[in-house]
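Here is the structure we will look at.
Numbering (our numbering), first residue to last: 20 to 303.
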């Protein structure tokens with residue numbers, strides 16, 4: 020009989036400040052779900068990874084002595100390394116941007132490149148919030164922001180409700196059109212009612228799957244531009260969105276909402292890949 024693989028949270032590091040914040044968040048997430056923490060350093064020369072990994076392991080062990088740590092060196096491109104190690108992981112975590120002690124690792128595009136291809140949930144640690152202490156994934160302030168683009172975002176909604184329940188947080192659901200303009204349109208002379216049906220449908224479905232009855236902590240809104248969507252992330256604990264890929268664009272280009280969050284969000288962004296074969300159609 021084959022052995023059951025240990026539940027893992029995978030984090031990519033490069034010695035930069037952003038990678039340290041990602042490491043701290045990954046350790047907190049691993050403790051929260053009872054998983055091992057795998058620290059991955061992708062380099063051309065394995066010797067370059069030794070001091071970076073040693074420092075990371077010492078930091079995590081000093082703050083969370085009971086957490087199981089796996090240190091991995093991979094002599095491949097960082098994106099390929101994290102795709103391989105994160106394929107069966109509960110969560111993959113990366114920093115916002117890099118270039119730390121090991122030149123050329125985890126540059127700003129890694130999160131976007133991973134989001135196009137990742138098979139499991141991906142957490143990109145962005146924003147200016149202080150690093151969380153290990154084991155306190157639900158202790159710091161801030162609400163959970165769920166960004167809904169269609170009725171098919173049930174997977175992201177489930178993750179958002181789980182995070183809300185685990186941290187006893189408020190949940191804000193933002194309905195975002197698939198094709199966000201950079202700036203909002205001029206005000207209409209007549210008030211318009213935001214089309215909140217997709218947000219409501221996703222919220223109802225996720226509540227039924229998670230058993231959450233915290234309706235008093237659920238709020239819905241409408242994003243009319245990428246700017247308003249990004250502004251909605253201020254002060255949030257995490258923003259959750261589906262990695263909806265457009266079928267006809269090269270390399271599975273992400274929707275404007277996902278791109279806006281990955282490049283400009285004020286909080287960490289949790290990317291949940293959509294089911295295989297359900298890519299976003301092109302704009303009519």
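For each residue, glycine too, the CB sits at the ideal point set by N, CA and C. Since this is a predicted model, take the numbers as computed values, not measurements.
Proximity below 7 Å, CB of residue i to CB of residue j
i           : j           : result
residue 50  : residue 86  : yes
residue 259 : residue 189 : no
residue 41  : residue 129 : no
residue 29  : residue 105 : yes
residue 287 : residue 253 : no
residue 142 : residue 112 : yes
residue 83  : residue 46  : yes
residue 79  : residue 89  : no
Cutoff 6 Å; reference residue i; Cβ partners in own chain excluding five residues on either side
i           : result
residue 100 : 59, 61, 93
residue 26  : 54, 109
residue 191 : 162, 164, 238
residue 293 : 261, 263
residue 39  : none
residue 75  : 32, 42, 58
Continuous beta strand (DSSP E) stretch holding residue i: start and end
i           : result
residue 111 : 110-114
residue 57  : 55-61
residue 44  : That residue, residue 44, is in no beta strand (DSSP E); its alpha helix (DSSP H) goes 36-52.
residue 167 : 163-167
residue 31  : 27-31
residue 143 : 141-144
residue 288 : 288-292
residue 259 : 257-262
Cβ neighbours of residue i in the same chain (closer than 8 Å, five flanking residues each side left out)
i           : result
residue 132 : 98
residue 249 : 279, 280, 283, 284, 285
Where the alpha helix (DSSP H) through residue i begins and ends
i           : result
residue 196 : Unbroken run through residue 196: none, as it is neither H nor E.
residue 247 : 245-250
residue 277 : 275-283
residue 189 : Element bounds for residue 189: n/a, residue is neither H nor E.
residue 129 : 129-136
Own chain residues within Cβ distance below 7 Å of residue i, not counting five before or after
i           : result
residue 96  : 61
residue 178 : 140, 259, 289, 291
residue 65  : 92, 94
residue 311 : The displayed coordinates of the chain run from 20 to 303. Any statement about residue 311 would go beyond what the structure contains.
Residue i CB to nearest heavy atom of the ligand GTP below 6 Å
i           : result
residue 115 : Absent from the structure shown: the ligand GTP. Ligands present: none.
Take every Cβ of the region 28-47, pair it with every Cβ of the region 61-81, and state whether three or more of those distances are shorter than 8 Å.
Taking a contact to require three or more Cβ pairs closer than 8 Å, the region 28-47 and the region 61-81 qualify as touching.
Ranges of the beta strand (DSSP E) found wholly within the region 82-106, counting only runs of at least 3
With a minimum length of 3 residues, the unbroken runs of beta strand (DSSP E) contained wholly in the region 82-106 fall at 88-93.
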